[in-house]
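Chemist: Protein sequences appear in the order of chains E and Y.
Quick note on this note's numbering: the first sequence kicks off at 1008 and runs consecutively.
Quick note on this note's numbering: the second sequence kicks off at 1008 and runs consecutively.
Protein chains: 2
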Amino acid sequence: VFFRGIVVTLVLVLGASVIAAVIPDEGLTRRDGGLARLEGQALLYPEGYERWPVVGAAIGLSYSDRPVTRDGPGNFHRVYLSPAAYDAFLTARTFPEGTTLVMEIYEPAASAPPLRAGFYEGRRVAVEASVKDRRFRGGWAWFDLDNGKAERAAPVASESCLACHREHAATDMVFTQFYPRLR
Amino acid sequence: VFFRGIVVTLVLVLGASVIAAVIPDEGLTRRDGGLARLEGQALLYPEGYERWPVVGAAIGLSYSDRPVTRDGPGNFHRVYLSPAAYDAFLTARTFPEGTTLVMEIYEPAASAPPLRAGFYEGRRVAVEASVKDRRFRGGWAWFDLDNGKAERAAPVASESCLACHREHAATDMVFTQFYPRLR
Chain E
1008 VFFRGIVVTL VLVLGASVIA AVIPDEGLTR RDGGLARLEG QALLYPEGYE
1058 RWPVVGAAIG LSYSDRPVTR DGPGNFHRVY LSPAAYDAFL TARTFPEGTT
1108 LVMEIYEPAA SAPPLRAGFY EGRRVAVEAS VKDRRFRGGW AWFDLDNGKA
1158 ERAAPVASES CLACHREHAA TDMVFTQFYP RLR
Chain Y
1008 VFFRGIVVTL VLVLGASVIA AVIPDEGLTR RDGGLARLEG QALLYPEGYE
1058 RWPVVGAAIG LSYSDRPVTR DGPGNFHRVY LSPAAYDAFL TARTFPEGTT
1108 LVMEIYEPAA SAPPLRAGFY EGRRVAVEAS VKDRRFRGGW AWFDLDNGKA
1158 ERAAPVASES CLACHREHAA TDMVFTQFYP RLR
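Structure follows, in structure tokens:
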């Protein structure tokens, strides 16, 4: 019995080592598929979202009614989707409860040698998120993550988010029409 | 001994199940950290790169000497880095052997309701890669993956890739100066 105990322990330790070796350290979000961690209505910061699949990038998008008056091309948007939701959407074309999308906004930086034209992502100026969860009216809520400094965030109190996403977003409040990977 | 065999087998099977359960199915590249698979000088297609960390996006970049003459803003570039190399670079600021970067190129698509301005990623027109490996002169090689249709690809025979990357890229032939996550 003693010897068997040693064998079992060895196998368990070996098994744990194998698991530890094959799972990169990608933060909590990896192990839970990046589904939202909520406390009441507050969203806990989606640690590790930088490694989630990027579903789309864009530049200069505006849904303002005001005429666009600016010198440059506008800001870059980069949109991430929680891995579990990405898998579910590619398989079933639906977003599961807890789906989180994170949008980073970068100022455009003008090209530098060897580039003769164009823009790349300069200073990051905002990190925002949207979450699918039944506790929110309309099934989704939007959050401002204070350019990555928020440990938690309350939903943005804006009827306009809900109204616009409901009217224009192609799939379940998500603008999949703008995201190559999800079209 | 027979009973011990059963116990060990059970533990192994359980261990394997646990491993299978916690590792999402992300293709071969996940389990090998996305490091390049080479056969001689040929690069085997980096399956699953779509889930790798995106290190930068850009629009309209050109390193052509010819004057830029076009109607739109130019194409989108989106650059992925193999996960093992991403981890290594964030820790040690160096790229390990086998590092792969993949660049997707998308035509710009003009904004559509509810957007009043800007561009998002339209049709994908190219998938390219660069790989760090000692077997290549200069330590790196570049590949055209035929917009995702190539099962394998020979290096692009261009001295200009090497010369330009050597002169202008900030870190070990990689344009980290354009990638927010690596700056």
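C-beta atoms are modelled at their ideal positions from N, C-alpha and C, and glycine is treated no differently.
Just so you know, these numbers come straight off a predicted model, no measurement behind them.
1) Alpha carbons only, please: which of E:Arg1044, E:Trp1059, E:Ile1066 and E:Gly1041 is nearest the one belonging to Phe1185 of chain E?
2) With 8 Å set as the bound, which would you pick, yes or no: does the beta-carbon of Arg1085 of chain E sit closer than that to a beta-carbon of chain Y?
3) What residues of chain E sit near Glu1135 of chain Y, judged by a beta carbon separation below 9 Å?
4) Looking at chain Y, is there any beta carbon in it that lies within less than 8 Å of the beta carbon of Cys1168 of chain E?
5) State yes or no: is the beta carbon of Gly1067 of chain Y nearer than 8 Å to at least one beta carbon in chain E?
6) Between which two residues does the alpha helix (DSSP H) harbouring Glu1166 of chain Y extend?
7) Since Glu1128 of chain E meets chain Y, which of its residues come closer than 9 Å, beta carbon to beta carbon?
8) Figure out for me which residue from Y:Ala1161, Y:His1172 and Y:Asp1094 has the closest Cα to the Cα of Asp1039 of chain Y.
9) Which bits of chain Y does Ser1118 of chain E rub up against, with CB to CB less than 7 Å?
10) Is it right to say Thr1101 of chain Y is buried, meaning 16 or more other beta carbons lie within 10 angstroms of its own, or is it exposed?
11) Please check the pair Ala1049 of chain E and Ala1117 of chain E, which I expect to be a contact at CB under 8 Å, by giving their CB distance rounded to whole angstroms.
12) Check Pro1080 of chain Y in the structure and name its three-state DSSP category.
13) DSSP beta-bridge partners for Val1134 of chain E?
14) Counting only runs that start and end within the stretch 1034-1059 of chain E, where is the beta strand (DSSP E) found for 3 or more residues in a row?
15) How should Glu1135 of chain Y be labelled, buried or exposed, when 16 other C-beta atoms within 10 angstroms of its C-beta is the threshold for buried?
16) Going by CA-CA distance only, name the one from E:Val1181, E:Val1132 and E:Ala1164 that's closest to His1172 of chain E.
17) For Ala1092 of chain E, does the count of other Cβ atoms within 10 angstroms reach 16, so buried, or fall short, so exposed?
18) If the cut-off is 9 Å on Cβ atoms, which residues from the stretch 1047-1061 of chain E count as contacting chain Y, listed in chain order?
19) With a cut-off of 8 Å, does the C-beta of Ala1092 of chain Y fall near any C-beta of chain E?
20) Using the Cβ count rule (16 or more neighbours within 10 Å means buried), how would you classify Pro1187 of chain E?
21) Under DSSP, the alpha helix (DSSP H) around Leu1189 of chain Y begins and ends at which residues?
22) Is it right to say Leu1088 of chain E is buried, meaning 16 or more other beta carbons lie within 10 angstroms of its own, or is it exposed?
23) As a quick exercise: from Y:Trp1147, Y:Asn1154, Y:Gly1081 and Y:Pro1053, pick the residue whose alpha carbon is nearest that of Ser1165 of chain Y.
24) What is the rounded straight-line gap between the Cα of Ala1058 of chain Y and the Cα of Arg1130 of chain E?
25) So what's Ala1064 of chain E in DSSP terms, helix, strand or just coil?
26) Can you give the Cα-Cα distance for Ala1157 of chain E and Phe1096 of chain Y, rounded to whole angstroms?
27) Residues of chain E with CB under 8 Å from Ala1124 of chain Y, in chain order?
28) For Pro1103 of chain Y and chain E, any beta-carbon pair shorter than 8 Å?
29) In chain order, what residues of the stretch 1133-1162 of chain E put their CB closer than 8 Å to some CB of chain Y?
30) Taking only three categories from DSSP, how would you classify Arg1159 of chain Y?
31) I'd like to know if Arg1131 of chain E contacts chain Y, where contact means its C-beta is closer than 8 Å to some C-beta of that chain.
32) May I ask which residues mark the beginning and end of the alpha helix (DSSP H) holding Asp1153 of chain E?
33) Is the distance from the Cβ of Thr1106 of chain E to the Cβ of Lys1139 of chain E below 8 Å?
34) Just the Cα atoms here: how many angstroms apart are Pro1080 of chain Y and Val1086 of chain E?
35) To the nearest whole angstrom, what separates the beta carbons of Gly1041 of chain E and Pro1090 of chain E, a pair I think is in contact under 8 Å?
Modeler: This is what the structure holds:
1) Residue numbering aside, residue 1185 of chain E sits at position 178 when the first sequence is read from its first letter. Nearest of E:Arg1044, E:Trp1059, E:Ile1066 and E:Gly1041 to Phe1185 of chain E, Cα basis: E:Ile1066.
2) In the first sequence, residue 1085 of chain E corresponds to position 78, counting from 1. At least one chain Y Cβ lies under 8 Å of Arg1085 of chain E.
3) If you number the second sequence from 1, residue 1135 of chain Y lands on position 128. Chain E residues near Glu1135 of chain Y: none, gap ~16 Å exceeds 9 Å.
4) By one-based count along the first sequence, residue 1168 of chain E stands at place 161. Judged by the 8 Å Cβ criterion, Cys1168 of chain E is not in contact with chain Y.
5) Within the second sequence, residue 1067 of chain Y is the residue found at index 60, counting from 1. Yes, its Cβ sits closer than 8 Å to a Cβ of chain E.
6) The residue you call residue 1166 of chain Y lines up with position 159 of the second sequence. It spans Glu1166 to His1175 - the alpha helix (DSSP H) in which Glu1166 of chain Y sits, taken as one unbroken run.
7) Position 121 of the first sequence, counted from the start, is the residue given in the question as residue 1128 of chain E. Going along chain Y in sequence order, the residues near Glu1128 of chain E (Cβ under 9 Å) are Gly1063, Ala1064, Ala1065, Phe1185, Tyr1186 and Pro1187.
8) To locate residue 1039 of chain Y, count along the second sequence from 1; it is residue 32. Closest by alpha carbon: Y:Asp1094.
9) Residue mapping note: residue 1118 of chain E aligns to position 111 of the first sequence, counting from 1. Result: Leu1068.
10) Position 94 of the second sequence, counting from 1, holds the residue named residue 1101 of chain Y. Classification for Thr1101 of chain Y: exposed.
11) Locating residue 1049 of chain E in the first sequence gives position 42, where the first residue counts as 1. Locating residue 1117 of chain E in the first sequence gives position 110, where the first residue counts as 1. No, Ala1049 of chain E and Ala1117 of chain E are not in contact; Cβ-Cβ is about 38 Å, not under 8 Å.
12) As a working note, residue 1080 of chain Y is residue 73 in the second sequence. Pro1080 of chain Y falls in the coil class under three-state DSSP.
13) Here residue 1134 of chain E corresponds to residue number 127 of the first sequence, with the count starting at 1. Looking at the DSSP assignment, Val1134 of chain E forms a beta bridge with E:Glu1111.
14) 1049-1051
15) Here residue 1135 of chain Y refers to the residue found at position 128 of the second sequence. That one is buried.
16) Position 165 of the first sequence, counting from 1, holds the residue named residue 1172 of chain E. Out of E:Val1181, E:Val1132 and E:Ala1164, E:Val1181 has the C-alpha closest to the C-alpha of His1172 of chain E.
17) On the first sequence, position 85 is the one that residue 1092 of chain E refers to. Label assigned to Ala1092 of chain E: buried.
18) Glu1057, Arg1058, Trp1059, Pro1060 and Val1061
19) The residue labelled residue 1092 of chain Y in the question sits at position 85 within the second sequence. Judged by the 8 Å Cβ criterion, Ala1092 of chain Y is not in contact with chain E.
20) Residue 1187 of chain E sits at position 180 when you count from the first residue of the first sequence. With 16 or more other Cβ atoms within 10 Å, it is buried.
21) Start at 1 with the first residue of the second sequence, and residue 1189 of chain Y comes out as number 182. Where Leu1189 of chain Y is concerned, there is no enclosing alpha helix (DSSP H), given that its DSSP letter is neither H nor E.
22) On the first sequence, position 81 is the one that residue 1088 of chain E refers to. Counting Cβ neighbours within 10 Å, Leu1088 of chain E comes out buried, since at least 16 surround it.
23) Residue mapping note: residue 1165 of chain Y aligns to position 158 of the second sequence, counting from 1. Nearest C-alpha to Ser1165 of chain Y: Y:Trp1147.
24) Translated into the one-based positions of the second sequence, residue 1058 of chain Y becomes position 51. Translated into the one-based positions of the first sequence, residue 1130 of chain E becomes position 123. What sits at residue 1058 of chain Y in the sequence shown is Arg, not Ala. Taking the straight line joining both Cα atoms gives about 24 Å.
25) Mapped onto the first sequence, residue 1064 of chain E falls at position 57. If DSSP states are grouped into helix, strand and coil, Ala1064 of chain E belongs with the strands.
26) Taking the first sequence and counting its residues from 1, one reaches residue 1157 of chain E at position 150. Taking the second sequence and counting its residues from 1, one reaches residue 1096 of chain Y at position 89. Cα-Cα distance, rounded: 26 Å.
27) Counted from its first residue, the second sequence places residue 1124 of chain Y at position 117. The answer, in chain order, is Gly1067, Leu1068, Ser1069, Val1075 and Gly1081.
28) Locating residue 1103 of chain Y in the second sequence gives position 96, counting from the first residue. No - not a single Cβ of chain E is within 8 Å of the one on Pro1103 of chain Y.
29) none
30) By one-based count along the second sequence, residue 1159 of chain Y stands at place 152. Here Arg1159 of chain Y sits in strand by DSSP.
31) What you label residue 1131 of chain E is simply residue 124 of the first sequence in a count that begins at 1. It does; some Cβ of chain Y falls within 8 Å.
32) Position 146 of the first sequence, counted from the first residue, corresponds to residue 1153 of chain E. Segment: none, Asp1153 of chain E is in no alpha helix (DSSP H) and carries neither H nor E.
33) Against the first sequence, residue 1106 of chain E aligns to sequence position 99. Against the first sequence, residue 1139 of chain E aligns to sequence position 132. Against a cut-off of 8 Å, the Cβ pair of Lys1139 of chain E and Thr1106 of chain E comes out as a contact.
34) Within the second sequence, residue 1080 of chain Y is the residue found at index 73, counting from 1. Within the first sequence, residue 1086 of chain E is the residue found at index 79, counting from 1. Their backbone Cα atoms lie some 20 Å apart in a straight line.
35) Translated into positions along the first sequence, residue 1041 of chain E becomes position 34. Translated into positions along the first sequence, residue 1090 of chain E becomes position 83. Their Cβ separation, rounded to whole angstroms, is 5 Å, which keeps Gly1041 of chain E and Pro1090 of chain E in contact under 8 Å.
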